[in-house]
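In our numbering, the protein residues as written are 14 to 232. Glycine residues also receive a C-beta, built at the ideal position from the N, C-alpha and C atoms. Quick caveat: nothing in here was measured; it's all calculated off a predicted structure. Please read the structure below before turning to the comments.
Set out below in structure tokens:
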């Protein structure tokens with residue numbers, strides 16, 4: 014069992030490591046306005062803090078996943094992805110983290126935009142997709158064809174962000190696994206067990222899960 018912990022600052026990282034968490038996740042942003050609303054600091058200050066967390070993680074033999082929110086666009090319209098992301102991505106890679114994940118916080122990523130980004134950055138990153146426009150799965154498919162192999166998902170497609178007006182849930186885990194199974198990838202993840210987990214989650218939340226595949230059923 015690999016336990017991952019989302020940490021907001023250095024103190025949180027220290028507490029997570031002390032609690033036995035070996036994989037730390039840190040979120041920064043490409044959008045200044047989103048960064049200030051989400052973590053209360055500028056993008057540069059947030060990146061500096063992430064560098065400190067990565068240093069701590071390395072000392073403690075832990076890994077760090079640095080997520081760049083608003084990588085494909087901002088709800089505050091202060092991000093130009095093809096201009097702003099490459100230099101910021103380079104700084105993120107230089108922060109000493111184990112890996113970098115590009116987050117489509119407001120669900121605006123598309124296959125064409127992703128192809129442009131891969132042309133600039135290569136494929137050494139993960140994807141954290143939201144499904145505002147119903148395009149998360151087709152964007153994931155495009156990413157797979159381009160060589161991306163790491164994705165953040167959520168059972169039932171739950172998720173969102175209180176700091177991004179209109180942000181909806183993440184790419185549903187069962188939708189991605191269904192696609193990967195169809196394409197012949199071996200994941201070791203049971204689609205049937207994901208539906209079991211979705212039923213349990215739906216009972217806890219007391220409302221229908223947004224995933225269309227989950228609502229359609231496993232057959």
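By Cβ distance, which residues of its chain are closer than 6 Å to residue 150, with the 5 residues on each side in sequence left out?
-> If you number the chain shown from 1, residue 150 lands on position 137. Here the set comprises 188.
request  = Specify the secondary structure class of residue 90 as computed by DSSP and reduced to three states.
outcome  = Taking the chain shown and counting its residues from 1, the one referred to as residue 90 is at position 77. Coil at residue 90, not helix or strand.
Beta-carbon separation (whole angstroms), residue 89 vs residue 123, contact threshold 8 Å: Sequence index remark: in the chain shown, residue 89 carries index 76 (1-based). Sequence index remark: in the chain shown, residue 123 carries index 110 (1-based). Actually they do not touch by this definition, with Cβ atoms about 20 Å apart.
Discussion item. If you measure between the beta carbons of residue 169 and residue 219, is that distance less than 9 Å?
Written reply: Translated into positions along the chain shown, residue 169 becomes position 156. Translated into positions along the chain shown, residue 219 becomes position 206. No, these two residues do not count as a Cβ contact at 9 Å.
*asked:* By the DSSP assignment, the beta strand (DSSP E) with residue 42 in it spans what residues?
replied: Residue numbering aside, residue 42 sits at position 29 when the chain shown is read from its first letter. That run of the beta strand (DSSP E) goes 36–42.
Can you tell me which residues form a DSSP beta bridge with residue 81? Walking along the chain shown from the start, residue 81 turns up at place 68. Partner(s): 41 and 115.
Requested in this report: Mark residue 62 as exposed unless 16 or more other C-beta atoms lie within 10 angstroms of its C-beta, in which case mark it buried.
Outcome: Numbered from 1 along the chain shown, position 49 holds the residue referred to as residue 62. Buried: at least 16 other Cβ atoms inside 10 Å.
* Just tell me which of 18, 30 and 184 has its CA closest to the CA of residue 78. => Taking the first residue of the chain shown as position 1, residue 78 is located at position 65. Checked all of 18, 30 and 184; the closest Cα to residue 78 is 18.
Exercise. Residue 3 by DSSP, collapsed to three states: which one?
Worked result: Residue 3 is absent from the model: the chain starts at 14 and stops at 232.
Just to confirm my understanding: we take residue 172, look at its own chain, exclude 5 residues before and 5 after, and list those with CB closer than 6 Å. What are they?
Numbered from 1 along the chain shown, position 159 holds the residue referred to as residue 172. If we look at residue 172 and ignore the five residues flanking it on each side, its Cβ neighbours are 182 and 183.
Quiz prompt | C-beta contact flag for residue 83 and residue 136 at 9 Å | solution = As a working note, residue 83 is residue 70 in the chain shown. As a working note, residue 136 is residue 123 in the chain shown. Not in contact: residue 83 and residue 136 (Cβ atoms no closer than 9 Å).
Which one of 185, 69, 101 and 72 has the shortest CA to CA distance from residue 80? Reading the chain shown from its first residue, position 67 is the one you call residue 80. When each option's Cα is compared against that of residue 80, the closest is 101.
Cα-Cα separation, residue 133 to residue 99:
On the chain shown, position 120 is the one that residue 133 refers to. On the chain shown, position 86 is the one that residue 99 refers to. Whole-angstrom Cα-Cα distance: 7 Å.
- Task: Give me whichever residues DSSP pairs with residue 25 in a beta bridge.
- Result: In the chain shown, residue 25 corresponds to position 12, counting from 1. The partner list for residue 25 (beta bridge, DSSP) is empty, contrary to what the question assumes.
- Message: I'd like the list of long-range same chain contacts for residue 200, defined as Cβ closer than 8 Å, with 5 residues on each side in sequence excluded.
- Response: Here residue 200 corresponds to residue number 187 of the chain shown, with the count starting at 1. Cβ neighbours of residue 200 beyond the five flanking positions: 190, 193 and 194.
Practice task
Please classify residue 212: does DSSP put it in a helix, a strand, or coil?
Solution key: Taking the first residue of the chain shown as 1, we reach residue 212 at position 199. Three-state result, residue 212: helix.
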